[in-house]
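Data first, discussion second: the structure below is written as structure tokens.
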Amino acid sequence: MLRYLLIRIARALAVVLCLSAVVFLLAHLIPGDPATLIAGENSTPELRAQITRELGLDQPVWSQYLSWLGHAVRGDLGTSLLDGQSVAAQVSERLPVSLELAVYAAVIAAVWGIPAGIWSAMHQGRAVDRLVNGTAFLGLAFPPFVVGTVMVLLVSRLTPGWPLFSFVPFDQDPLLNLQDLLLPAVALGIPFGATLCRYMRAAVLDVVGQDFMRTAAAKGAGRRRLMLRHALRNALVPVVTAGGLQLGVLVGGTVIVEQVFALPGLGSLIVSSITQHDFTVVQGAVLALGASYVVINLVTDLLYPLIDPRIRTTGARRDG
Amino acid sequence: MTAETVLPDAGATVTARAARRRPFRGWNPTLTTGVCLLGGLVLTSLVVTGFGPYSAEDVGNALLGGPTGGHWLGTDNLGRDLFTRTFVAALHSLLVAFGATTLAALIGVPIGLLAGYSGRRVDGVLMAVMDIAMSIPSVLLALVLVSVFTPGTAVLVVGMGLIFVPYFARIVRAPALTVRERDFVSAARIAGVRPPVVIGRHVLPNVLSSALVQYANTAATCVLVEASLSYLGLGIQPPTPSWGRMIFEGQRYMAHDPLLVIVPGITLAVAAAAFGLISDGLQERIDPRGTRRTP
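Read top to bottom, the protein sequences are chains A and B. Once you know that position 82 of the first sequence is 82 in the working numbering, the rest is easy, because the numbers rise by one and skip nothing. To convert, count from 1 in the second sequence and add 1000; that's the working numbering.
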């Protein structure tokens, strides 16, 4: 068990480290000189040289990376190239919005996707199964930004009073906050739920065919007990892993959905910084979003032994 | 029962029996529908691009005009023909999807074969690297890539191609591992056939069906990712039309003319669904028990 935990934590650290290196190195390939960006096109070469020295840009890349990483670990992500604001402050202001959106979307996805998958598997081959399967299939074909755009269109036609493109923080007015995030969360939750639905259906069908299910049925377990006690718990194991991996898609989705609904999250910060070539902000924000995804993934990994006791005893999961 | 039976990353748990079965025989409605949809889309966009009365950039007098005999689906805010733009966009989107997926397959399949065939140490190292690469959300990676290089079609193809390499490596590795233990592979090895030839002649044919499913699957994802990036203004660049950008631009006028958003949205979904159907159809052939999809 301890071994399992340590491996998972080491892996999460490795992922964050790699992400930071990729982000940092790529940012260094950006054409254009940051000093010129700060000082302006018409600045003197002396001023630009001074800024380059102050930012440490005359140092070798690896030493710049190490110093950036050292600061990042202590919560200092540098300052924006454009307005000199602290990146960490901007990130910490916006990260909660993105996380809140991702959590709501995940809840909506789980609420519709998992029961639908089970239901569909229990009626394999019948009309219900085809209906659910078809819906899930369509859910996968429409990206969140299309779903969101169509929802904006419908809502503005049908209920003109509904707040669109606004955002109120949770601690100011929880009810308005929920109302603001409902549509974005649904737009993101529909495709994600479709993924969960398909995984769940496949997992249940897989479990139902196993020997222990026949044994349980032969021992006189009812259909209800058979499903709830024997099938679901086993079927959930792969779905949790698969769902955990798919959270990356969800995190990527928040970036786009925030843009559709003009939400002040980390994603809209990343997109606006990219268009403004403010790469210290891009670095910091991408690292923060990536790291929070890794943390969520680590949590699902740690939940694993709760669902599958075999991990507690053997201390290892058989990876493909 | 092991967890890996339905794990998407564990991928194809193709048994020896399933691998032996010829995957392309008989009538498969899912596959047929997918191929027909994709074929129809490709054909229409070729005809529209080649022989259509308008080009995608032709500006007309009718601004935001509804459907007429001359403009089947109406015009956008600059008077450009929506029908033409949608299908010219299809051509570019599909080119990007095919390009990126092919690149990913060309790099990923050899890595997967090498990992699966050489076993233990090489396998461990390669798969650890692939796992880490897969752990970074692909949209984030794509965003960072396009932010560094000037956004455009070439950057999209290379960037997305590299991002999807691990998916091919992973999906190919699993059947490669099982084939490695089969008698005909041992026989070839004992007979003194060199490893590259063993991999090419005996292992590769047995992993192709899994790779093909993954190909269709990745192409569907590429269509969606490209559209999302173009929506953000970081994908295909104007004046080349793209579904994502058309939706973005149409949003401002959609209260007046909803077709501007709905038409590219639905066509985009048709393209993604066509690849999805092909992937599912092929998967049904290989493993008739259930369907699964990975991004």
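We put the CB at the ideal spot given by N, CA and C, even for glycine. Predicted, not measured: the structure shown is a model, and the values here were computed from it.
Anticipated Cβ contact below 8 Å, residue i with residue j, distance rounded
i         : j         : result
A/Ala72   : A/Ser20   : 7 Å
B/Arg1085 : B/Met1246 : 6 Å
B/Met1160 : B/Cys1222 : 6 Å
B/Ala1273 : A/Phe137  : 7 Å
A/Arg8    : A/Leu266  : Between A/Leu266 and A/Arg8 the Cβ distance is about 25 Å, and since that is not below 8 Å, they are no contact.
B/Leu1216 : B/Gly1112 : Here residue 1216 of chain B turns out to be Ala, not Leu, going by the sequence shown. Rounded, the Cβ-Cβ distance is 17 Å, inconsistent with contact.
A/Val147  : A/Phe192  : Contact doesn't hold; Cβ gap of about 11 Å is too wide.
A/Phe167  : A/Ile256  : 16 Å between Cβ atoms; not a contact.
A/Thr79   : A/Val260  : Incorrect: roughly 29 Å between the Cβ atoms, too far for contact.
Cross-chain neighbours of residue i in chain A, by beta carbon under 7 Å
i         : result
B/Met1254 : Leu153
B/Ile1132 : Ala14, Val15 and Cys18
B/Leu1224 : Pro143
Within chain B, partners of residue i - CB distance below 8 Å
i        : result
A/Gly243 : Under the 8 Å cutoff, chain B gives no residues; its nearest Cβ is about 10 Å from A/Gly243.
Bridge partner(s) assigned by DSSP for residue i
i         : result
B/Asp1081 : B/Thr1075
B/Thr1101 : According to DSSP, B/Thr1101 bridges with nothing at all.
A/Thr79   : A/Ser86
Reference residue i, options the options, closest by Cα
i         : options                                       : result
B/Ile1132 : A/Met122, A/Ala12, A/Thr195 and A/His123      : A/Ala12
A/Tyr304  : A/Asp83, A/Ile9, A/Leu226 and A/Thr241        : A/Thr241
A/Arg201  : A/Pro264, A/Ser166 and A/Ala121               : A/Ala121
B/Ala1303 : B/Met1127, B/Gly1276 and B/Thr1032            : Because chain B spans 1001 through 1295 in this model, residue 1303 of chain B falls outside it and cannot be assessed.
A/Gly189  : A/Ala235, A/Gly220 and A/Val251               : A/Val251
A/Leu205  : A/Gly117, A/Gly284 and A/Ile274               : A/Gly117
B/Leu1282 : B/Met1254, B/Ser1118, B/Ile1236 and B/Ser1209 : B/Ser1209
B/His1092 : B/Ile1236, B/Val1261 and B/Glu1249            : B/Ile1236
A/Leu196  : A/Ile108, A/Ser156 and A/Leu25                : A/Ile108
A/Ala106  : A/Leu182, A/Tyr65 and A/Leu77                 : A/Leu182
A/Pro143  : B/Ile1278, B/Ile1266 and B/Gly1099            : B/Ile1266
B/Pro1151 : B/Arg1170, B/Phe1083, B/Val1139 and B/Leu1229 : B/Leu1229
B/Leu1141 : A/Asp301, A/Val271 and A/Ile296               : A/Val271
A/Leu236  : A/Leu57, A/Val168 and A/Asp308                : A/Asp308
A/Ala285  : A/Thr135, A/Leu82, A/Ile256 and A/Ser92       : A/Ser92
B/Tyr1117 : B/Ile1262, B/Ala1104 and B/Ser1186            : B/Ser1186
A/Ser268  : A/Ser98, A/Ser63 and A/His123                 : A/Ser98
Coil, strand or helix - residue i by DSSP
i         : result
A/Ser86   : strand
A/Gly56   : coil
B/Gly1152 : coil
B/Pro1023 : The predicted position of B/Pro1023 is uncertain, since its pLDDT is 48 and thus under 50; no value can be drawn from it.
A/Gln276  : coil
B/Ala1056 : coil
B/Gln1283 : helix
B/Met1127 : helix
B/Phe1164 : coil
A/Arg233  : helix
B/Arg1064 : It should be noted that the sequence gives Leu, not Arg, for residue 1064 of chain B. Coil at B/Leu1064, not helix or strand.
A/Asn133  : helix
B/Ser1093 : helix
A/Ala105  : helix
A/Ala121  : helix
A/Ala262  : coil
A/Val295  : helix
B/Phe1275 : helix
A/Tyr65   : helix
Contact list for residue i against chain B, beta-carbon separation under 9 Å
i        : result
A/Leu29  : Val1148 and Phe1149
A/Gln259 : Tyr1231, Leu1232 and Phe1248
A/Tyr293 : Ser1135, Ile1136, Pro1137 and Leu1140
Contacts that residue i makes with chain A (C-beta to C-beta distance below 9 Å)
i         : result
B/Tyr1215 : In chain order: nothing, as chain A lies at least about 17 Å away.
B/Leu1145 : Leu26
B/Gln1283 : None at all; the shortest Cβ gap to chain A is about 10 Å.
Within-8 Å CB hit, residue i to chain D
i        : result
A/Pro163 : Here chain D cannot be found, since the structure's protein chains are A and B.
Within chain B, partners of residue i - CB distance below 7 Å
i        : result
A/Ile256 : Ser1228, Tyr1231 and Leu1232
Contact set between residue i and chain A, taken where Cβ atoms lie within less than 8 Å
i         : result
B/Gly1265 : Phe142, Val146, Thr149 and Val150
B/Gly1276 : Phe137, Leu140 and Ala141
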